[in-house]
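S.K.:
Residue numbers (the numbering used here): 4 to 294.
1) By DSSP, does residue 157 sit in helix, in strand, or in coil?
2) Across the region 115-129 and the region 139-157, are there enough close Cβ pairs to call them in contact, namely three or more that are closer than 8 Å?
3) DSSP three-state label for residue 131, please.
4) Can you tell me whether residue 72 is buried or exposed, with buried defined as 16 or more other CB within 10 angstroms of its CB?
5) Give a yes or no on whether the C-beta atoms belonging to residue 49 and residue 106 are separated by under 8 Å.
6) Quick check on residue 24: does DSSP put it in helix, strand or coil?
7) Would the beta-carbon of residue 109 fall within 8 Å of that of residue 99?
8) Using the Cβ count rule (16 or more neighbours within 10 Å means buried), how would you classify residue 221?
9) By the 10 Å Cβ neighbour count, where 16 or more other Cβ atoms means buried, how is residue 67 classified, buried or exposed?
10) Can you have a look at residue 207 and say buried or exposed, based on whether 16 or more other CB atoms are within 10 angstroms of its CB?
11) Flag this pair as yes or no: are the beta carbons of residue 5 and residue 134 separated by less than 8 Å?
12) Taking the runs of the beta strand (DSSP E) that are 3 residues or longer, which of them lie wholly in the region 57-114?
13) So, are the CB atoms of residue 192 and residue 201 less than 8 Å apart?
14) If distances are taken between C-alpha atoms only, which option among 144, 22 and 158 comes closest to residue 46?
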């Protein structure tokens, strides 16, 4: 047996595993195929590249995601530490500057004396296992050769998932006579606030925080939006994509097709918002994170 542990994959999980093992003064060989080979979604040569959303979700301790992150902080998680260091305004969520985040993770992993980064594509896991402990920390952007190896080892033939792409809106396309800045639950009028106190707090939040732009809808507007969404033309999938729906990250048009009220009980739920125009709860509210 070798005196080091092998980790395959230099993403979030692989880098965190390497750091935690190195803290125990155990040597690590961290395999990452970049920059010699890239998946269709990767674009830079750093470790821990964030290729989907730059949000690590809620920071609230009353939320499971927030509680998990606080536990990771107390356990000296390298990635959460760097995420806090490179965070950008995102209301109650922890979102990062993706370029700076990956750069800082790469710096810390590269300078660790117990970690050796090997920039090679892994194609033979069985041979590595013969030499010692191996952690497979590759994600959904695994190379074909490694994916085939994992399929053979696990006997599974469906190692893929369907991800949703987040649309980008031009700010000048938003009518701010209707839209407003505000973070869910923090924007809502509190029971002990006067109308004037609430408006002053909203004005301060618009000037200083500006993490999310919210678009309230009445029933007619929402039903019109839903109709256009379910009838809209959809994007053609790439050759490497498969039409499998992942319930945890579902495209909004797929969700909408499950029923006219599905979005109102999901990502467009009105909970936590008051419409500044009417001082009432909204029927539905779409939130867009500012960049």
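The beta carbon of each residue, even a glycine, is placed where N, CA and C say it ideally should be.
M.R.: Considering the structure as presented:
1) helix
2) yes
3) helix
4) buried
5) yes
6) helix
7) no
8) exposed
9) exposed
10) exposed
11) yes
12) 58-61 and 96-99
13) yes
14) 144
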